[in-house]
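Order-wise, the sequence lines are chains A and B. Going by UniProt numbering, the first sequence opens with residue 1, and the numbers climb by one from there. Going by UniProt numbering, the second sequence opens with residue 1, and the numbers climb by one from there. Backbone N, C-alpha and C fix where the C-beta goes; we use that ideal spot for every residue, glycine too. Let me begin by presenting the structure, written as structure tokens, before commenting on it.
There are 2 protein chains.
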Amino acid sequence: MLYTKYAVFLAAIPRVLALWPIPRTLTTGTDFLRLSPTFTITVNVHDPPQDLLSAVSQTKTWAWFSDAGALKTAPVLPSLTLTLQNTLPVLSISAESVKDVLNRSEGYTLSIPSDGKPAVLSANSTLGLFRGLTTFSQFWYDLNGVTYTNVGPVSIVKDVPAYPYRGFMLDTARNFFPVSDIKRTLDAMSWVKINTFHWHIVDSQSFPLVLPDFPELAQKGAYSASEVYTPADVQDIVSYAAAEIDSPGHTAVIATSHPEHIACSQASPWSTFANEPPAGQLRLASPATVNFTASLFTAAAQVLPSKHFSTGGDELNTACYVQDAQTQADLKASGHTLEQALNVFTEATHGALAKLGKTPVVWEEMVLEHNLTLSKDTVVMSVTWVWISSQNAALVAAKNFQIVHSPSDYFYLDCGAGEWIGKDPTGTPPEIAGVTPSNVAEVVHLRPPRQYNCRPSAPSSRRATTLVDRAVRRAEPRLDRVAARRTSAEIFWTGAKGPDGSALDGTEALPRLHDLRYRMVQRGVGAIALQPQWCALRPQLCNLDS
Amino acid sequence: MLYTKYAVFLAAIPRVLALWPIPRTLTTGTDFLRLSPTFTITVNVHDPPQDLLSAVSQTKTWAWFSDAGALKTAPVLPSLTLTLQNTLPVLSISAESVKDVLNRSEGYTLSIPSDGKPAVLSANSTLGLFRGLTTFSQFWYDLNGVTYTNVGPVSIVKDVPAYPYRGFMLDTARNFFPVSDIKRTLDAMSWVKINTFHWHIVDSQSFPLVLPDFPELAQKGAYSASEVYTPADVQDIVSYAAAEIDSPGHTAVIATSHPEHIACSQASPWSTFANEPPAGQLRLASPATVNFTASLFTAAAQVLPSKHFSTGGDELNTACYVQDAQTQADLKASGHTLEQALNVFTEATHGALAKLGKTPVVWEEMVLEHNLTLSKDTVVMSVTWVWISSQNAALVAAKNFQIVHSPSDYFYLDCGAGEWIGKDPTGTPPEIAGVTPSNVAEVVHLRPPRQYNCRPSAPSSRRATTLVDRAVRRAEPRLDRVAARRTSAEIFWTGAKGPDGSALDGTEALPRLHDLRYRMVQRGVGAIALQPQWCALRPQLCNLDS
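This is the structure in structure tokens:
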């Protein structure tokens, strides 16, 4: 369908290499190579898991160009052989995907000769094979039924991610997204090797999560009876999901079913008591509320099997507690300050998660503003604005916590286009701003603290984010969240370096990203065009000096 | 489905009045009023045309809320009666819609009593009745199967548009859009009373229009054999369309089938010879090319029945002609300067259109830079940057041409988010910019020149565009083109004034626009959420001071 004019330009077919993220080691040639009409993929794996076989069969349908053309004399690639280099037992891709993030094996080695010999893909895990299959599929175009590449031979030796945690966060509380949207998003994530879905499932605005132990929360807190995630829906989604139940702030909606646990519920003006409407947060100083919250976390953690479980901790509003008579009475009764009460609250609620073997995740305020007693297992989500205070991430790291770094000025998809609050005389004009408040995204990395590095040469800082800045911050408003995910996917797989070690460059990346967009569309993801289609056919020719 | 929580807030249901554009005269009450389960619409029109009957039956399915609630005691509206106040013959809505833009009758008067008496809609044309039905449909919500409004009684006396030409332009050459997308867009336009579709059908990048007399143009110039508009497709689309075949610039693609007519085809660097790649424009000084172009316009005008036919004239590159040996030879042979040759070219090509009774439309350069001999019928598209040189529109008007004013800084949907040219070191960062170059939109007005007014109090200038600026220029990147169309729809219907004569205000407009978004989604248009759904339920409560 697309690109039928490709034939006209066959002599000058650009070597776009629609690889995204680009492998960290890569050598290619200039040979044409055809995929055999009887091309086979051999799985040299003992008792291969079903999801690996599914991934293999998908690979065979992933070529996408279709047009008339030459290529009749190019060598033919007969087969691809998959080999596992580790020992038994062989686990499924799914099982490998939910191993501790620091213990996952995602690397692979791929060789595609252009002399008619078979291609070989090897890895230490089925997950690595899956990453390699994804890369393999990105080499191929169809031209009048001939599936070909023009960059043979290909050698990728040990392509491994720069960062083990490469995440995407979706908020389903500000606005609801149906399960089908989420599953499509999970699929698209896998196409670009993003490996963690951070599901910000509830917030002050709605509570769509149906918990069998607390059915009233969704009954009264969801936007409607149909805008909920049932336990069956959750099972459908959670294999990749790190869940979040924010607390003690961002919980106003709980007042719809449990008003006794919420301070300053819908207090006015909301801006005095919360960062966004509606106001309302858990009465953290109340023993009953502590118990309630611990039980809620336990119930949620039981339906959300991910190892990581975020308990929130962001944007706690103290003015709310100052004017809440119940909280003041609770503090008086316990003799605690609010900070001490918060520590009790956190120890109790994290303790409930620890009993279930979960690793708690908190936002950076819990470490930087509140100095709580936290297990060193705890992962801290840093949302530092890189330019203003990149030291925040360093401060968290200095406290020896693992860190997920999600600088809001680069990776929040809802920033940069205005805000959704009405009648705000300051800052970006709010009215009809057209932000999509639900699509807050973190596309982040996680490393043990000692490896974390905030210097300008580190991937989280200036050089690495140049590409992201252009792709996500300024341009993302038109890309939809998929495209931004694509871009960060490359940054966090590669560490923002190309296979030759040079910094990734937007001019080089644009045609690759545009090419990926067509593959996304072909697979049912409605990513928008980045350029006229004319440029996709002639990627070099839409640069200014061409 | 949506808004089931509405019941909770029934006592305080906001009077959002999801009217867009808001009528120019409007008085409402605070009464609840139910639509009768046996509600009927009576068409008091002699021999009513089929499209009016279709519009009536659609109106009855347009209510959209659905939830449990009270409202049991509200009066019931039994019926709506449609009356035509003009004389016979009664024309169809379609026939009224393609009358000369200055002679269309779109006004209507609507009364919805809240005492159980019938509602009455009257107009001077079926098109006016259609506009009124659209407004009528926007009053109704469903609550547990009860269709109601809470602003009865309603009186709208002579709601007429401020500007007769309220347009939306779609470029189908930079990127192709299938017929189904275009038809959905036409539907959405009608929901907000936009009345002109400017179809920028071909450009330098591709030629998707299949012309029976020039089949080679699409055969060789379309992106693919399937990315074309056949004569049948065109018939499906054109009833609302004003077509454009740009010339003599923006024609590089014609070289694929008629290289003899194109100067500097794909010359390098393109930026010397064109505003965007690829370079190439008609050899306007060549008699053969003049004949070819006149024949092409004739062929296109025969399949595109709109009264207005744009012949382009923008961004003509003179450097191209200086280095083109053929053009220099043609000029020498005729003894003409390039400007004189352009005049000959324009007279001949416009003459071909005049023979078919078409009104030519040109971009402002043809009047302001080239000073051609143009019929005073000619409509000039002004794309002035309002802040920098609003006088351009005034200059065109001063030359006594009709003007369609489409300031690019407010109404071009592809501006403001970056550009799609790669490797541009200046201006907005181009790489991975994420603009959608196909969606250039004009949302414009057309008035006889003497009525045109560029002073700050005029709708095209500062006060009126405040709302547009916020809605379109800054926010549009996330709204998709539908939302921007919605916003301009209100500006150009109302003249940016509310029913009480005050300037429209973004804070007031936001909840109405957000409400409209849900109606759009309900009808299958994927407009994005402007705020959390929580705000749609409680529109006043997401303002900063609430």
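Using a Cβ-Cβ cut-off of 8 Å, Lys423 of chain B counts as an interface residue toward chain A, since at least one Cβ of chain A sits closer than that to its own.
Excluding five sequence positions before and after Ala173 of chain B, the CB atoms of its chain that fall closer than 6 Å to its own CB belong to Val202, Asp203, Gln205, Ser206, given in chain order. Between the region 538 to 545 of chain A and the region 29 to 43 of chain B, the count of Cβ pairs shorter than 8 Å is below three; the stretches do not touch. Taking 8 Å as the CB threshold, Ala255 of chain A stays off the interface with chain B. Annotated as proximal: Gly313 of chain A and Glu365 of chain A, with beta-carbon spacing under 8 Å. Against chain A, the CB of Pro269 of chain B has a partner CB under 8 Å away; the residue lies at that interface. Taking C-alpha positions only, Phe214 of chain B is separated from Leu296 of chain B by approximately 7 Å. Per the DSSP secondary-structure output, Ser247 of chain B pairs in a beta bridge with B:Gly312.
By the CB criterion at 8 Å, Gln531 of chain B and Trp420 of chain A fall inside the cutoff.
For Thr349 of chain B, the enclosing alpha helix (DSSP H) begins and ends at 338 to 355. Residue burial is scored here from C-beta neighbours: Ala319 of chain B has fewer than 16 other C-beta atoms within 10 angstroms and is therefore classed as exposed. The C-beta distance from Leu77 of chain A to Ala123 of chain A rounds to 19 Å, too long to fall under 8 Å, and the pair is not in contact. Of the other Cβ atoms in all chains shown, 16 or more fall within 10 Å of the Cβ of Ser488 of chain A; this residue is therefore buried.
At least one beta carbon of chain A lies nearer than 8 Å to the beta carbon of Tyr223 of chain B.
Residues of the region 531 to 542 of chain A with a Cβ closer than 9 Å to any Cβ of chain B, in chain order: Gln531, Pro532, Gln533, Trp534, Cys535, Leu537, Arg538, Pro539, Gln540, Leu541, Cys542.
One Cα belongs to Ala188 of chain A, the other to Met520 of chain A, and the distance between them is close to 8 Å.
Annotation: Asp181 of chain B has no Cβ neighbours in chain A at a cutoff of 9 Å; minimum Cβ distance is about 11 Å.
Rounded to the nearest angstrom, the Cβ distance from Ala55 of chain A to Leu121 of chain A is 11 Å, too far for a contact under 8 Å. For the 8 Å CB-CB criterion, Leu110 of chain A and Val154 of chain A form a contact.
Assignment of beta-bridge partners to Gly152 of chain A by DSSP yields A:Asp31.
Excluding residues up to 5 positions away in sequence, Pro153 lie with their Cβ nearer than 6 Å to the Cβ of Pro113 of chain A in the same chain. Residue contact check for Arg174 of chain A against chain B: a CB pair falls below 8 Å. Between the beta-carbon of Val238 of chain B and that of Ser306 of chain B there is about 6 Å, and that keeps the pair under the 8 Å contact cut. Looking at the DSSP output, Trp363 of chain B shares a beta bridge with B:Met381.
By the CB criterion at 8 Å, Ala267 of chain B and Thr349 of chain B fall outside the cutoff.
In the structure shown, Val160 of chain B falls within a coil segment according to DSSP collapsed to helix, strand and coil. For the region 34 to 49 of chain A, there are no residues whose beta carbon sits under 8 Å from a beta carbon of chain B. Bounds of the alpha helix (DSSP H) holding Gln533 of chain A are 533 to 537. In the three-state reduction of the DSSP assignment, Lys497 of chain B falls in the strand class. From the listed residues A:Asn371, A:Phe292, A:Ser92, A:Ser334, the smallest Cα separation to Asp51 of chain A is found for A:Ser92. For Thr27 of chain A, none of the residues of chain B pass the 8 Å Cβ criterion, the least Cβ distance being about 25 Å. When secondary structure is reduced to three states using DSSP, Tyr321 of chain B falls in the helix class. Contact check between the region 279 to 293 of chain A and the region 253 to 262 of chain A: three or more CB pairs, one atom from each, fall below 8 Å, which counts as touching.
Going by C-alpha positions, Glu96 of chain B is about 32 Å away from Leu395 of chain B. Beta-bridge analysis with DSSP links Thr40 of chain A to A:Ser79. Put simply, the backbone Cα of Leu127 of chain B is about 7 Å away from that of Ser105 of chain B.
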